[in-house]
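J.: The sequence shown begins at 1 in full-length UniProt numbering and counts up by one.
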Amino acid sequence: MAAFKSTATSAVALSIFMTGSAAFADVTAEQVWEDWKGYMAGFGYQVEATESQSGDALVVSDVKMSVSIPEEDADVSFTMSEMTFTNNGDGTVSISLPPVMPISGVATGEGETIKFDLEYATDAFDMTVSGDASEMTYDYTAALAKISLVSIEADGESPDLGTLELSVADIAGQSIMKVGGVRETSQQMTTGEVSYTIDMAPPEEEGHVKLIGSAESMGFQGTGSFPANMDPTDMSAMLAAGFAFDGGFEMGAGSSEFSFSGDGSTLEGTSSSGPGVAMVAMDADKLNYDVRAQDVDVNVKSSDLPFPVQFTFGEYAAKFLMPVSQSEEAQEFGLALTFGDFTMSDMIWGMFDPSGQLPRDPATVSFDLSGTAKMLVNLMDPEQMEAIESGETMLGELDSMNLNNLVISLAGAELTGEGAFTFDNEDLESFGGMPAPAGAMDLKLVGGNGLLDKLVAMGFVPEDQAMGARMMMGLFAIPGEGDDTLTSKIEVTEDGQVLANGQRLK
1 MAAFKSTATS AVALSIFMTG SAAFADVTAE QVWEDWKGYM AGFGYQVEAT ESQSGDALVV
61 SDVKMSVSIP EEDADVSFTM SEMTFTNNGD GTVSISLPPV MPISGVATGE GETIKFDLEY
121 ATDAFDMTVS GDASEMTYDY TAALAKISLV SIEADGESPD LGTLELSVAD IAGQSIMKVG
181 GVRETSQQMT TGEVSYTIDM APPEEEGHVK LIGSAESMGF QGTGSFPANM DPTDMSAMLA
241 AGFAFDGGFE MGAGSSEFSF SGDGSTLEGT SSSGPGVAMV AMDADKLNYD VRAQDVDVNV
301 KSSDLPFPVQ FTFGEYAAKF LMPVSQSEEA QEFGLALTFG DFTMSDMIWG MFDPSGQLPR
361 DPATVSFDLS GTAKMLVNLM DPEQMEAIES GETMLGELDS MNLNNLVISL AGAELTGEGA
421 FTFDNEDLES FGGMPAPAGA MDLKLVGGNG LLDKLVAMGF VPEDQAMGAR MMMGLFAIPG
481 EGDDTLTSKI EVTEDGQVLA NGQRLK
């Protein structure tokens with residue numbers, strides 16, 4: 001697997017160059033090429049190429065980039081056919097590629113060798129570099145860019161995998177970077193349709209995989225900091241040296257069709273979605289994800305199911321914020337998840353509610369947690385993480401936690417809530433080894449008894465268990481405004497008492 005990991009890292013560095021998303025330029029063709037080699041050397045690559053001058057153009061052919069990764073006992077190399085850097089006579093440089101550029105790669109590691117051939121095809125590709133040695137701007141456009149897998153060879157065998165390609169239309173973008181000990185980049189890009197095809201039979205396995213899809217458009221905005229002489233295998237050192245990025249993609253409405261077969265089973269279906277966003281930010285202090293999608297519709301048929309499966313949800317959202325560095329001060333964290341307006345087909349409902357007793361309104365499950373915690377280790381340090389796994393040290397200390405929002409709405413009932421707690425890490429006795437909390441949480445349940453009655457009538461919940469559930473609700477909740485409404489205020493005091501609506505439970 002080391003060869004695969006090394007290949008992925010190399011492909012990222014190569015794609016940065018292909019899309020003009022990093023710093024490779026100065027004011028002359030020669031300086032553009034030299035700076036590009038220096039940039040790749042910062043990632044540990046050795047660059048070899050044949051250079052020739054043709055008028056105002058520097059032609060670079062038979063480009064080979066190779067890197068060794070001792071920690072993984074792996075070697076990776078890429079070979080590209082030709083690039084041309086042309087002085088435009090106005091202080092700018094144009095970079096051109098052949099309409100179809102072959103790219104070959106070799107990855108070795110852990111006793112395995114993988115060779116692959118790609119084709120990178122472009123139509124009406126144009127890239128111009130302007131600025132000076134301290135700040136450079138890349139402006140680029142292309143009517144089409146497509147990368148395709150031509151062949152692959154693993155340990156001397158060359159299976160016919162099928163089709164694997166990605167194409168992007170109507171590309172327009174700009175990258176601005178300041179060059180120094182740490183290269184600072186700012187990027188933006190828009191595209192037309194993005195489409196992909198995976199139609200292949202995995203080697204040494206019976207079966208077939210097919211995935212075809214597209215999105216109406218794609219956009220990207222982001223910033224990054226890239227220290228000189230980075231070691232991608234040592235993330236902790238990279239972050240300490242200033243490595244950081246903050247950016248994301250916006251995707252237009254899209255659709256896909258898929259099918260999988262193997263071991264005598266088949267699975268096929270379609271999906272569609274509205275606009276979506278995927279954002280990622282990382283620096284020496286934090287890791288932050290934010291993913292959102294709208295109007296998702298999935299239809300699936302399987303030979304293992306007696307009927308098709310169809311479901312939709314109006315909104316999907318996931319957010320994750322986590323500190324990654326050791327600190328004496330409490331740092332912010334967060335976790336939020338939303339499945340909004342979920343619906344499923346009547347055929348699925350009919351399996352457990354054939355008489356239609358339960359309301360089939362769209363269901364929502366959503367929560368939003370935030371808080372502060374003190375990190376006792378560096379998450380990017382392998383040795384410190386091993387100490388956590390072995391139990392030698394703790395990950396961190398919880399300082400505070402807020403339930404900003406809770407919504408569970410389904411089958412005619414809805415539970416909502418919010419609250420906030422602080423934690424005393426010096427008191428590990430009052431609550432059985434966990435830091436002692438202090439704070440309060442407010443909950444509200446509407447339609448709970450009505451749902452319980454329906455579940456008893458349908459035979460899903462025995463009457464004695466329903467009675468026990470009602471007794472518990474009576475212990476923790478009081479009647480609220482409106483029919484079938486219960487409210488509850490759970491408090492934990494600083495002296496360790498637990499109260500429910502003012503009545504002491506502990």
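Where a beta carbon is used, it is the ideal one built from N, C-alpha and C, also for glycine.
Express the C-alpha separation of valine 194 and aspartate 56 in angstroms, rounding to a whole number.
T.: Between aspartate 56 and valine 194, the C-alpha separation is close to 35 Å.
J.: Confirm, please, whether the CB-CB distance from glycine 248 to threonine 185 is below 8 Å.
T.: No, they are not a contact pair.
J.: Indicate whether the contact test is met: 3 or more Cβ pairs, each with one atom in the stretch 125 to 135 and one in the stretch 88 to 107, closer than 8 Å.
T.: Verdict: yes, contact present.
J.: Looking only at its own chain, which residues have a Cβ that is under 7 Å from the Cβ of alanine 8, when we skip the five neighbours before and after it?
T.: Here the model assigns alanine 8 a pLDDT of 42, short of 50, so the residue's position is not dependable and the matter cannot be decided.
J.: Using the three-state DSSP reduction, which class does valine 106 fall into: helix, strand or coil?
T.: Three-state result, valine 106: strand.
J.: Out of Met441, Trp349, Asn88 and Asp199, state which residue places its alpha-carbon closest to the alpha-carbon of glutamine 310.
T.: Looking at the Cα atoms, Trp349 is the closest of the given residues.
J.: Find out if the Cβ-Cβ distance for the pair residue 520, threonine 393 is shorter than 8 Å.
T.: Any question about residue 520 goes unanswered here, given that the chain covers just 1 to 506.
J.: With serine 488 and leucine 443 assumed to form a contact (beta carbons below 8 Å), what rounded beta-carbon distance in angstroms separates them?
T.: About 5 Å separates the two Cβ atoms, so the contact holds.
J.: For proline 323, count the other beta carbons within 10 Å of its own beta carbon; 16 or more makes it buried, fewer makes it exposed. Which is it?
T.: Its Cβ being crowded by 16 or more others within 10 Å, proline 323 is buried.
J.: So, using beta-carbon positions, are serine 217 and glycine 192 closer together than 8 Å?
T.: Yes, the Cβ-Cβ distance between serine 217 and glycine 192 is below 8 Å.
J.: Could you say which of Gln187, Glu51 and Ser104 lies nearest to tyrosine 138 if we only look at CA atoms?
T.: Considering only alpha carbons, the answer is Gln187.
J.: Which two residues bound the contiguous alpha helix (DSSP H) that contains alanine 66?
T.: The identity of residue 66 in the sequence shown is serine, whereas the question assumes alanine. No alpha helix (DSSP H) contains serine 66, which is instead part of the beta strand (DSSP E) from 57 to 69.
J.: Who are the Cβ neighbours of isoleucine 478 in its own chain at under 8 Å, not counting the five residues just before and after it?
T.: Excluding sequence neighbours, isoleucine 478 sits near Leu486, Thr487, Ser488 and Asn501.
J.: What first and last residue would you give for the beta strand (DSSP E) that runs through glutamine 53?
T.: Run containing glutamine 53: 46 to 54, per the beta strand (DSSP E) assignment.
J.: If you run the structure through DSSP and keep just helix, strand and coil, what is arginine 470?
T.: Residue state, collapsed to three classes: helix.
J.: Can you look up glycine 371 in the DSSP assignment and give me helix, strand or coil?
T.: Note: glycine 371 maps to strand in three-state DSSP.
J.: Assuming valine 67 and valine 76 form a contact by the criterion Cβ under 8 Å, report the distance between their Cβ atoms to the nearest whole angstrom.
T.: That pair is a contact at about 5 Å.
J.: Could you name each continuous alpha helix (DSSP H) segment of 4 residues or more that falls completely within the stretch 187 to 247, going from the start of the chain to the end?
T.: Runs of the alpha helix (DSSP H) inside the stretch 187 to 247: 235 to 240.
J.: I need the straight-line Cα distance from glycine 252 to methionine 189, nearest angstrom please.
T.: Going from the Cα of glycine 252 to the Cα of methionine 189 covers about 14 Å.
J.: Would you kindly work out how many angstroms separate the C-alpha atoms of alanine 23 and serine 261, rounded to a whole number?
T.: The pLDDT assigned to alanine 23 is 39, lower than 50, so where the model puts this residue is not dependable, and the model offers no usable value.
J.: Return the chain-ordered list of same chain residues with a C-beta closer than 6 Å to the C-beta of alanine 215, the five sequence neighbours on each side being excluded.
T.: These residues qualify, in order along the chain: Val194, Met251, Gly252 and Gly254.
J.: May I ask whether a heavy atom of the ligand HEM can be found less than 7 Å away from the beta carbon of methionine 83?
T.: This structure does not include the ligand HEM; it has no bound ligands of any sort.
J.: So, does the stretch 413 to 427 touch the stretch 395 to 403, judging by three or more C-beta pairs under 8 Å?
T.: Flag = yes, the stretch 413 to 427 and the stretch 395 to 403 touch.
J.: Roughly how many whole angstroms lie between the Cα atoms of tryptophan 33 and glutamate 119?
T.: Approximately 22 Å, taken between the alpha carbons.
J.: Which residue's Cα is closest to the Cα of isoleucine 103: Ala438, Asp132 and Ser61?
T.: Of Ala438, Asp132 and Ser61, the residue nearest in Cα terms is Ser61.
J.: Could you please give me the residues that DSSP links to arginine 292 through a beta bridge?
T.: DSSP lists Val277 and Ala317 as partners of arginine 292.
J.: Can you give the Cα-Cα distance for serine 272 and valine 300, rounded to whole angstroms?
T.: Roughly 12 Å separates the two Cα atoms.
J.: CB alanine 29 to CB threonine 92, shorter than 8 Å?
T.: No, the pair does not count as a contact, with Cβ atoms beyond the cut-off.
J.: Can you give me the C-alpha to C-alpha distance between valine 150 and glycine 269, rounded to a whole angstrom?
T.: Looking at the two C-alpha atoms, the distance is approximately 27 Å.
J.: Residues in its own chain within less than 6 Å of glutamate 257 by CB, not counting five upstream and five downstream?
T.: Taken in chain order, the residues that qualify are Ile212 and Thr270.
J.: Rank Glu329, Ala237 and Leu305 by C-alpha distance to the C-alpha of alanine 373 and give the top, closest one.
T.: Considering only alpha carbons, the answer is Glu329.
J.: For glycine 38 and methionine 177, I'd like the C-alpha separation in whole angstroms.
T.: Their backbone Cα atoms lie some 15 Å apart in a straight line.
J.: Candidates Tyr289, Ile198, Phe243 and Arg360: which alpha carbon is nearest alanine 227's?
T.: A small fix is needed here, since residue 227 is proline in this sequence, not alanine. Ranking Tyr289, Ile198, Phe243 and Arg360 by Cα distance to proline 227 puts Phe243 first.
J.: Which partner residues of isoleucine 490 appear in the DSSP bridge assignment?
T.: DSSP output for isoleucine 490 lists Met441 and Ala500 as bridge partner(s).
J.: Using a 10 Å radius around the Cβ and a threshold of 16 neighbouring Cβ atoms, would you call serine 54 buried or exposed?
T.: Flag for serine 54 reads exposed.
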